[in-house]
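In the working numbering, the protein residues as written are 931 to 1047. All C-beta atoms, glycine included, are put in the ideal place defined by N, C-alpha and C. Values in this document were obtained by computation on a predicted structure and should not be read as measured data. Some notes on the structure that comes next.
Next comes the structure, spelled out in structure tokens:
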């Protein structure tokens, strides 16, 4: 039986990251719910979504492309987390869990993409 995307550690970690980002952005001021919080949630959701879609597509070339898209969404999320740190309300937040998960996911995605070369 062929492994599914749900068996991939990177997908599982990316799903944990989504939950972490939702928990973090729940602590944002209400004025940010449709701004930065929404963008961060979309970027986080995009990571496991693209891993799953790429895995289901079947072809190696397409799979690699979707992994690159997931990696790009991770880079967006890294930037958005840094923006949040620099905003006044950011000093009240604990980024450690989300930072750790994002770092793990990005390392795994980078390795997976490079394995296609």
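Rounded straight-line distance, which links the Cα of residue j to that of residue i
i, j, result
"residue 931", "residue 978", "Residue confidence is low: residue 931 scores 39 on pLDDT, short of 50, so the model does not pin down where it sits. Its coordinate-derived value is still stated next. Going from the Cα of residue 931 to the Cα of residue 978 covers about 22 Å."
"residue 935", "residue 965", "31 Å"
"residue 988", "residue 1043", "15 Å"
"residue 1020", "residue 972", "19 Å"
"residue 1045", "residue 961", "42 Å"
"residue 883", "residue 991", "With the chain covering only 931 through 1047, there is no way to say anything about residue 883."
"residue 1015", "residue 1026", "12 Å"
Limits of the unbroken alpha helix (DSSP H) element including residue i
i, result
"residue 947", "939 to 955"
"residue 961", "Premise fails: residue 961 is in no alpha helix (DSSP H) and is neither H nor E."
"residue 1030", "1026 to 1045"
"residue 1004", "990 to 1016"
Nearest residue (CA-CA) to residue i, options the options
i, options, result
"residue 969", "1030, 1008, 1027, 1031", "1008"
"residue 942", "1041, 1031, 1046, 1040", "1031"
"residue 981", "1046, 1045, 938", "938"
"residue 1039", "1015, 1004, 963, 1018", "1004"
"residue 933", "985, 1035, 1041", "985"
"residue 951", "1017, 1029, 1013", "1029"
### Task
Please determine if the region 953 to 963 and the region 989 to 999 are in contact, where contact requires at least 3 C-beta pairs separated by less than 8 Å.
no
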